[in-house]
Amino acid sequence: MLLVDLEKNIIAGADLSDLAVEHSFCPSKENGGQDGHLLRLGDIASKGTQPTTQGC
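FYI, the numbering for the sequence shown is 1 to 56, going by UniProt numbering.
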C-alpha cells in the first residue's frame, strides 16, 4: 500500500523532495532525489536516449 499512499500524497501536493528523502533507496535521496542531470524539459528530449553513468 506504500505506492498508493505515495500517490495520494503527491496528488495532495506533497513535496517530492521530502518524499524522496523519506522513501527512496537511491543515493540521490539525500539531495531530494535530484541527480543534477535533467534541468530543463529540453534536456529530457536531448539526453533521454543517451546512456548515463549516474543514477539508480
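All residues carry an ideal CB built from backbone N, CA and C; glycine is no exception. These figures come from a predicted structure and were not determined experimentally.
For residue i, which three-state DSSP category applies?
i, result
"serine 17", "helix"
"serine 28", "helix"
At what residues does the alpha helix (DSSP H) containing residue i begin and finish?
i, result
"lysine 8", "2–11"
Is the distance from the Cβ of residue i to the Cβ of residue j below 8 angstroms?
i, j, result
"glycine 32", "alanine 14", "no"
Check whether the Cβ of residue i sits closer than 7 angstroms to any heavy atom of the ligand FAD, and report yes or no.
i, result
"leucine 19", "The model depicted lacks the ligand FAD and carries no ligand whatsoever."
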